[in-house]
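Engineer: First the structure, then my questions, so here it is.
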Amino acid sequence: MENKSAIYISIFILIFSLILGYLLEPYLYSYFHPVVDELSQKVQTGTIKLTFADIFLNNIKIAFQMFFYGIFFCLSAVLLAYNGFFLGYYVAIQDDLIRVLVMLIPHGVFELTACILACSSGLVLFNFFFRFFMSYLKEDLTLKNSFYKNSDKLTQAIIIFAVSAILMIIAGFIEVYLTLPIAYFLLAN
């Protein structure tokens, strides 16, 4: 697989930020607790509805941001790290770790994989732009020829992003329709 380094970098960023978010919970409280409170209030008041459409649209927005922020290299990674820190923090503040994991894992497997791939697609998109401009400047190619020479990276970035979007659809479906029944079943035993 040609882009495995982008995927490995994204996996590392997510795992590292999850662990740090969990371990540094007391230090992150002032940053993330207001966000958790605001989200909780929006869910309770109905401003945010936990429907498939709302969850999918929020998740796909984040995936698109990771993809397009790839134009600016590390911004995809920064967004992935922020989400990892937040999730690690969120798990750390919960009273019942088993309950939280049961509520997160069914859809989280797909959603976190989708986030990893969205970040990876952003990194590959950056690679396309970098190679495009370098070949244009150093090899004295026209913009069109430089684009065609490097278009394989753009195609790969789009394919990786498309897989991410498909996984976001699956994650949204599981989160809305299956997570609670699975959790009730597992926690009842």
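Convert by adding 4 to the 1-based position in the sequence shown; the result is the number in this note's numbering. Virtual Cβ for every residue (Gly too), placed ideally from N, Cα, C. If you're wondering where the values come from, they're calculated on a predicted model, not measured in any experiment.
Does Asn-131 pass the burial test, meaning 16 or more other C-beta atoms within 10 Å, or should it be called exposed?
Structural biologist: Taking the first residue of the sequence shown as 1, we reach residue 131 at position 127. The residue is buried, with at least 16 neighbouring Cβ atoms inside 10 Å.
Engineer: Can you give the Cα-Cα distance for Gly-50 and His-111, rounded to whole angstroms?
Structural biologist: Within the sequence shown, numbered from 1, the residue matching residue 50 stands at position 46. Within the sequence shown, numbered from 1, the residue matching residue 111 stands at position 107. Their Cα atoms are separated by approximately 22 Å.
Engineer: Looking at the unbroken alpha helix (DSSP H) that takes in Gly-176, where does it start and where does it end?
Structural biologist: Translated into the one-based positions of the sequence shown, residue 176 becomes position 172. Counting along the chain, the alpha helix (DSSP H) containing Gly-176 begins and ends at 147-181.
Engineer: Ignoring anything shorter than 4 residues, give me the alpha helix (DSSP H) runs that lie fully in the stretch 88-157, in order along the chain.
Structural biologist: 101-142
Engineer: For Ile-186, collect the residues of the same chain with a Cβ closer than 6 Å to its Cβ; drop the 5 residues on either side in sequence, then sort them by chain order.
Structural biologist: Mapped onto the sequence shown, residue 186 falls at position 182. Excluding sequence neighbours, Ile-186 sits near Pro-110.
Engineer: Three-state secondary structure (DSSP) at Glu-6?
Structural biologist: For this step, residue 6 is matched to residue 2 along the sequence shown. Correct three-state label for Glu-6: coil.
Engineer: On the DSSP letters alone, give me the boundaries of the alpha helix (DSSP H) that Phe-71 sits inside.
Structural biologist: Numbered from its first residue, the sequence shown carries residue 71 at position 67. Annotation: the continuous alpha helix (DSSP H) that includes Phe-71 extends over 56-72.
Engineer: Are the CB atoms of Val-180 and Ile-64 nearer to each other than 8 Å?
Structural biologist: Taking the sequence shown and counting its residues from 1, the one referred to as residue 180 is at position 176. Taking the sequence shown and counting its residues from 1, the one referred to as residue 64 is at position 60. No. Outside cutoff.
Engineer: Rounded to whole angstroms, what's the CA-CA distance from Ala-57 to Tyr-140? Just pull it up for me.
Structural biologist: Here residue 57 refers to the residue found at position 53 when the sequence shown is read from its first residue. Here residue 140 refers to the residue found at position 136 when the sequence shown is read from its first residue. Going by the C-alpha atoms only, they are around 42 Å apart.
Engineer: To the nearest angstrom, how far is it from the Cα of Leu-190 to the Cα of Tyr-152?
Structural biologist: The residue given as residue 190 occupies position 186 in the sequence shown. The residue given as residue 152 occupies position 148 in the sequence shown. Cα to Cα, the separation comes out at about 53 Å.
Engineer: If you reduce the DSSP assignment to three classes, tell me which class Lys-53 lands in.
Structural biologist: Taking the sequence shown and counting its residues from 1, the one referred to as residue 53 is at position 49. DSSP places Lys-53 in coil when its eight states are reduced to three.
Engineer: Flag this pair as yes or no: are the beta carbons of Ser-150 and Gly-74 separated by less than 8 Å?
Structural biologist: As a first step, residue 150 must be located in the sequence shown, where it is residue number 146. As a first step, residue 74 must be located in the sequence shown, where it is residue number 70. No, they are not a contact pair.
Engineer: Report yes if the CB atom of Ala-118 is closer than 8 Å to the CB atom of Ala-81, and no otherwise.
Structural biologist: Translated into the one-based positions of the sequence shown, residue 118 becomes position 114. Translated into the one-based positions of the sequence shown, residue 81 becomes position 77. The answer is no: Cβ separation not under 8 Å.
Engineer: Spatial neighbours of Leu-32 within its chain, please: C-beta separation below 7 Å, excluding the five flanking residues on both sides.
Structural biologist: Within the sequence shown, the letter at position 28 stands for residue 32. Cβ neighbours of Leu-32 beyond the five flanking positions: Gly-25, Phe-89, Tyr-93.
Engineer: Cα separation between Cys-123 and Lys-157?
Structural biologist: The residue labelled residue 123 in the question sits at position 119 within the sequence shown. The residue labelled residue 157 in the question sits at position 153 within the sequence shown. Their Cα atoms are separated by approximately 15 Å.
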